[in-house]
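In our numbering, the protein residues as written are 5 to 87. A virtual CB, placed ideally from N, CA and C, is assigned to each residue, including glycine. Fair warning: this is a prediction, and the values are worked out from it, not measured in the lab.
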């Protein structure tokens, strides 16, 4: 199953944006345990704004973008640990 079939083209940039935003938040005084929750809320709201609708589908797509950005971050963290 290809997760990208569930994410519209106009939301692909949201994945990168969430990743970059997470990097900036990590450098702030906010505890690491809160970063995923902050990014989740931002992802759901941003997805609804990009899709120009408040629907379960738009929220779900935001959650998928959030998961993809968190996954990319975790891959990088794990690769750093192995070296």
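Given this structure, state the Cα-to-Cα distance separating residue i from residue j, to the nearest angstrom.
| i | j | result |
| --- | --- | --- |
| residue 26 | residue 70 | 10 Å |
| residue 45 | residue 84 | 28 Å |
| residue 81 | residue 62 | 29 Å |
Please go through the same chain and pick out, in chain order, the residues whose beta-carbon is closer than 6 Å to the beta-carbon of residue i, but skip the five residues on each side of it.
| i | result |
| --- | --- |
| residue 105 | Outside the modelled stretch of the chain, which goes from 5 to 87, sits residue 105, for which no answer is possible. |
| residue 55 | 62 |
| residue 9 | none |
Could you work out which residue in the options is closest to residue i when comparing CA atoms only?
| i | options | result |
| --- | --- | --- |
| residue 42 | 52, 80, 30 | 30 |
| residue 21 | 76, 82, 62 | 76 |
Determine the burial state of residue i: buried for a count of at least 16 other Cβ atoms within 10 Å of its Cβ, exposed for fewer.
| i | result |
| --- | --- |
| residue 59 | exposed |
| residue 68 | buried |
| residue 53 | exposed |
| residue 50 | buried |
| residue 48 | buried |
Assuming residue i and residue j make a contact with CB atoms under 8 Å, what is their CB distance in whole Å?
| i | j | result |
| --- | --- | --- |
| residue 40 | residue 11 | Actually they do not touch by this definition, with Cβ atoms about 18 Å apart. |
| residue 65 | residue 15 | 6 Å |
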